[in-house]
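Q: Protein chains in written order, with our numbering: chain A, 2 to 115; chain B, 72 to 185. Beta carbons are placed, not taken as given, at the ideal position from N, Cα and C, and that holds for glycine. What you are looking at is a predicted structure, and each value in this text was computed from that prediction instead of being measured. Quick one: the structure is below, questions incoming.
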Amino acid sequence: AQSVTQPDIHITVSEGASLELRCNYSYGATPYLFWYVQSPGQGLQLLLKYFSGDTLVQGIKGFEAEFKRSQSSFNLRKPSVHWSDAAEYFCAVGSMEYGNKLVFGAGTILRVKS
Amino acid sequence: EAGVAQSPRYKIIEKRQSVAFWCNPISGHATLYWYQQILGQGPKLLIQFQNNGVVDDSQLPKDRFSAERLKGVDSTLKIQPAKLEDSAVYLCASQGVRGGGEQYFGPGTRLTVT
């Protein structure tokens with residue numbers, strides 16, 4: 002069965018500090034991997050995606066993620082967090098073999114302290 | 072281009088009542104998804120349409136939920152009768168042929184069943 006695990010429910014970081022959000026997946030096909038961000042009362046906005054090729058992908062708002070097949074991980078990073086980054090972050094996995102439907106993790110709530 | 076539109080944004084109903092949600096995808100997007108996001112969880116796929124045909128409705132509670140996509144454009148999701156556990160945000164997403172599996176999400180409809 003396909004599943005996505007985000008081990009951290011909440012993370013608090015100081016403004017200007019670096020950030021890493023963890024994501025592990027279990028998937029029976031070649032995965033596409035995504036990170037979405039959701040602000041309160043808003044829909045999901047795509048931060049970045051990995052389909053193939055370079056395992057380090059760059060996204061919007063200064064985020065990047067690295068795909069590590071051996072560890073079944075796709076961790077999200079940002080070198081310097083801004084207060085506006087406070088939101089909930091979701092990792093998701095999909096594939097053409099499964100009709101491109103996405104399986105989401107439970108999310109990580111990021112709090113930024115000044 | 073215009074994004075995915077959903078209405079209403081908020082709905083409060085009593086249990087055993089019925090409710091309907093509407094989604095207008097991005098123009099030209101053939102694939103449409105409905106997700107249910109319960110508080111504290113990631114979105115879970117309810118149903119996937121390709122044009123006006125159902126691709127996957129394996130997780131749709133068909134005794135009370137129904138969905139249609141007439142003419143392969145707009146879609147409606149209905150719940151009849153609603154239960155307390157249906158309280159959630161209902162997200163609609165669409166996906167084009169190009170873009171490699173990326174789904175674009177609407178703002179969602181927050182349903183509260185009392």
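#1: Just checking: is the beta-carbon of residue 79 of chain B within a distance shorter than 7 angstroms of some beta-carbon in chain A?
#2: Can you say whether residue 113 of chain A is buried or exposed, counting buried as having 16 or more other CB atoms within 10 angstroms of its CB?
#3: Within the continuous beta strand (DSSP E) that includes residue 102 of chain B, where are the two ends?
#4: What whole-angstrom Cβ distance do residue 161 of chain B and residue 180 of chain B have, given they're in contact under 8 angstroms?
#5: What's the call for residue 101 of chain A, buried or exposed, on a 16-neighbour Cβ count within 10 Å?
#6: So, under 8 angstroms CB-CB, residue 66 of chain A and residue 52 of chain A are touching, yes? Tell me the CB distance rounded to an integer number of Å.
#7: Should residue 108 of chain B and residue 159 of chain B be called a contact, given that it needs their Cβ atoms to be closer than 7 angstroms?
#8: Pull the bridge partners of residue 78 of chain A from the DSSP assignment, please.
#9: Kindly indicate which three-state DSSP category residue 142 of chain B falls into: helix, strand or coil?
#10: What does residue 168 of chain B pair with, by DSSP beta-bridge criteria?
#11: If you follow the beta strand (DSSP E) that residue 124 of chain B is in, where does it begin and where does it stop?
#12: Could you name the residues of the same chain whose beta carbon sits closer than 6 angstroms to that of residue 47 of chain A, not counting the 5 residues immediately before and after it, in chain order?
#13: Which value, in whole angstroms, describes the spacing of the CA atoms of residue 105 of chain A and residue 4 of chain A?
#14: By Cβ distance below 6 angstroms, which residues in the same chain neighbour residue 35 of chain A in space, the five residues on each side in sequence not counted?
#15: Give me the chain B residues within the contact set of residue 62 of chain A, using Cβ-Cβ distance strictly less than 9 angstroms, ordered along the chain.
#16: Does the beta carbon of residue 119 of chain B sit closer than 7 angstroms to a beta carbon anywhere in chain E?
#17: From residue 18 of chain A to residue 86 of chain A, what distance separates their C-alpha atoms?
#18: Beta carbons nearer than 9 angstroms to chain A: which residues of the segment 93–115 of chain B have them?
#19: Check whether the Cβ atoms of residue 183 of chain B and residue 85 of chain B lie closer than 7 angstroms to each other.
#20: Spell out the partners DSSP gives residue 31 of chain A in its beta bridges.
A: Looking at the atomic coordinates:
#1: no
#2: buried
#3: 102–108
#4: 5 angstroms
#5: buried
#6: The pair is not a contact, with the Cβ atoms about 12 angstroms apart (cut-off 8 angstroms).
#7: yes
#8: A/21 and A/65
#9: helix
#10: Answer is none; residue 168 of chain B lacks a bridge partner.
#11: 124–127
#12: 37
#13: Note on geometry: alpha-carbon atoms of residue 105 of chain A and residue 4 of chain A lie some 8 angstroms from one another.
#14: 50 and 93
#15: Within chain B, no residue has its beta carbon less than 9 angstroms from that of residue 62 of chain A; the closest one is some 16 angstroms off.
#16: Note that chain E does not occur in the displayed structure, where the protein chains are A and B.
#17: Cα-Cα distance, rounded: 12 angstroms.
#18: 102, 104, 106, 108, 111, 112, 113, 114 and 115
#19: Residue 85 of chain B is positioned such that its CB atom lies no closer than 7 angstroms to that of residue 183 of chain B.
#20: Per DSSP, residue 31 of chain A has no beta bridge partner at all.
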